[in-house]
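Okay, so the sequence shown: first residue is 1 according to the UniProt record's numbering, each after it adds one.
Idealized CB from N, CA, C, for every residue including glycine.
Take a look at the structure set out below.
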Amino acid sequence: GRIRLQPANSQMQPVYVEPDNVEIQGRVIAVIRQLA
């Protein structure tokens, strides 16, 4: 089977991945992006 990653944002679709491609290391609490 596949693993479903469910975004907290209801506007986004779930992401499905194969178990061999997943490694849980913790949780993301912030994403900082530079757009310049």
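Contact between Leu5 and Pro14 holds, since their C-beta atoms are separated by about 6 Å, short of 8 Å. Here the alpha carbon of Glu23 sits roughly 31 Å from the alpha carbon of Ala36. In this structure, the straight-line span from the alpha carbon of Val31 to that of Ile3 is close to 22 Å. Counting along the chain, the unbroken beta strand (DSSP E) around Val15 starts and ends at 15-17.
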